[in-house]
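See below for the structure under consideration.
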DNA sequence: CTGAATCCCTATAGATACTG
DNA sequence: CAGTATCTATAGGGATTCAG
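Chains as they are written, first to last, in full-length UniProt numbering: chain L, 1 to 127; chain S, 1 to 127.
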């Protein structure tokens with residue numbers, strides 16, 4: 001049966017859980033934003049850009065829960081909280097930055113294809 | 001300025017669009033499911049598993065729109081529709097299967113971390 | 001019988017505004 | 001500054017319907 005990719009990759013239900021965690025827009029951006037080392041809440045928000053405080057807080061908590069990063073709160077004033085990738089989280093750097101590079105390199109092709117598709121759909125003559 | 005990863009990766013807004021398309025649970029699973037070659041609607045649904053017909057149809061249309069796959073409807077009875085990755089879609093295979101492999105290999109660690117976290121949160125004594 | 005569009009409904013992502 | 005409360009929009013699921 002030649003052991004097709006999708007069979008070993010998609011069949012086992014438990015691994016779907018972690019794929020869902022990892023194949024996620026914000027997860028990818030946050031891991032990339034932490035690739036250079038620990039950063040605090042506000043810095044991550046600035047680097048990622050366009051993410052709301054709630055969504056960032058929620059996502060960081062989930063990532064901490066799944067052991068991808070650690071949260072360290074310093075008892076200072078003003079408060080300071082630092083997030084850092086764990087060893088497990090570091091293993092995600094490569095695949096996710098690869099995905100990020102793909103997005104950079106192919107964004108143009110995607111947009112061209114999208115325009116062409118929308119053109120076709122809008123134009124009633126060219127069926 | 002040492003050109004940190006997150007700066008070139010996250011700053012440019014347009015590439016965020018394509019990252020969002022690609023860093024997505026269903027996109028990843030569908031691309032993986034099509035990695036071995038073209039497949040029809042029902043086959044994809046079976047391989048992916050746990051996806052509703054509506055969501056699969058919606059996602060396939062979006063992926064076609066963005067030039068990642070082609071849709072070919074054969075005028076037969078019963079109807080047959082085949083989906084196949086484009087050249088652009090094929091370039092996604094490597095990064096996404098890499099992510100899939102990550103999910104397989106590290107699912108255990110994720111689940112252990114998650115259990116430990118939930119234990120801590122549930123237990124009122126161990127603060 | 002297959003592919004998929006449509007309606008309806010719930011769950012959750014996400015934005016805005018506020019608090020310690 | 002970091003995080004929560006509250007509200008809204010959208011993604012996603014299920015059943016039904018329809019066309020080829």
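Where a beta carbon is used, it is the ideal one built from N, C-alpha and C, also for glycine.
query: Under the rule that 16 or more other beta-carbon atoms within 10 Å means buried, what is residue 67 of chain L, buried or exposed?
result: Locating residue 67 of chain L in the first chain gives position 67, where the first residue counts as 1. Classification for residue 67 of chain L: buried.
message: Among the candidates L:74, L:18, L:32, whose CA atom is the shortest distance from the CA of residue 19 of chain S?
response: As a working note, residue 19 of chain S is residue 19 in the second chain. Residue L:32 is the option with its Cα nearest to residue 19 of chain S.
- prompt: Which residues in the same chain have their Cβ closer than 6 angstroms to the Cβ of residue 41 of chain S, if we skip the five residues on either side of it in sequence?
  reply: By 1-based counting over the second chain, the position of residue 41 of chain S is 41. So the list reads 81, once near-sequence residues are dropped.
task: With DSSP as the reference, label residue 39 of chain S as helix, strand or coil.
output: Translated into the one-based positions of the second chain, residue 39 of chain S becomes position 39. Note: residue 39 of chain S maps to strand in three-state DSSP.
message: In the DSSP output, which residue or residues are listed as bridge partners for residue 99 of chain L?
response: Along the first chain, one-based indexing puts residue 99 of chain L at 99. According to DSSP, residue 99 of chain L bridges with nothing at all.
- prompt: Run through DSSP, which three-state label would residue 73 of chain S get?
  reply: Position 73 of the second chain, counting from 1, holds the residue named residue 73 of chain S. In this structure, DSSP gives residue 73 of chain S an extended state, which the three-state scheme calls strand.
task: Pull up the CB-CB distance for residue 28 of chain S and residue 100 of chain S, whole angstroms please, since I reckon it's below 8 angstroms.
output: The sequence position of residue 28 of chain S within the second chain is 28, counting from 1. The sequence position of residue 100 of chain S within the second chain is 100, counting from 1. Here residue 28 of chain S really is in contact with residue 100 of chain S; their C-beta atoms are around 7 angstroms apart, less than 8 angstroms.
- request: Note down, in chain order, every chain S residue with its Cβ under 7 angstroms from the Cβ of residue 32 of chain L.
  value: Against the first chain, residue 32 of chain L aligns to sequence position 32. Neighbours of residue 32 of chain L on chain S, chain order: 5, 6, 9, 10.
- prompt: How would you list, in chain order, the residues of chain L whose beta-carbon sits under 7 angstroms from the beta-carbon of residue 95 of chain S?
  reply: Position 95 of the second chain, counted from the start, is the residue given in the question as residue 95 of chain S. Near residue 95 of chain S (Cβ distances below 7 angstroms), the residues of chain L are 95, 98, 99, 102.
message: So within the stretch 24–68 of chain L, which uninterrupted alpha helix (DSSP H) runs reach at least 4 residues, ignoring any that extend past its ends?
response: Given a length threshold of 4 residues, each whole run of the alpha helix (DSSP H) inside the stretch 24–68 of chain L is given here in chain order: 25–33, 41–48, 53–65.
task: Evaluate residue 74 of chain S with the Cβ neighbour count: other Cβ atoms within 10 Å of its Cβ, from every protein chain shown; 16 or more gives buried, anything less gives exposed.
output: As a first step, residue 74 of chain S is located in the second chain; it is residue number 74 there, counting from the start. Counting every other CB atom within 10 Å of its CB across the protein chains shown gives residue 74 of chain S a total below 16, marking it as exposed.
message: Measuring alpha carbon to alpha carbon, tell me which residue in L:48, L:94, L:85, L:92 is nearest residue 64 of chain L.
response: Stepping through the first chain from its first residue, residue 64 of chain L is reached at position 64. Of the residues L:48, L:94, L:85, L:92, the one whose Cα lies closest to the Cα of residue 64 of chain L is L:85.
- request: Please check the pair residue 15 of chain S and residue 107 of chain L, which I expect to be a contact at CB under 8 angstroms, by giving their CB distance rounded to whole angstroms.
  value: In the second chain, the residue the question calls residue 15 of chain S occupies position 15. In the first chain, the residue the question calls residue 107 of chain L occupies position 107. Contact between residue 15 of chain S and residue 107 of chain L holds: CB atoms are separated by about 5 angstroms, below the 8 angstroms threshold.
message: Taking the beta carbon of residue 6 of chain L as the centre, do at least 16 other beta carbons fall within 10 Å, making it buried, or is it exposed?
response: Here residue 6 of chain L is taken as the residue at index 6 of the first chain, counted from 1. Per the 10 Å Cβ criterion, buried.
message: Please tell me whether residue 104 of chain S and residue 9 of chain L are closer than 8 angstroms, where the distance is taken between their beta carbons.
response: The sequence position of residue 104 of chain S within the second chain is 104, counting from 1. The sequence position of residue 9 of chain L within the first chain is 9, counting from 1. Cβ distance < 8 angstroms, so residue 104 of chain S and residue 9 of chain L count as in contact.
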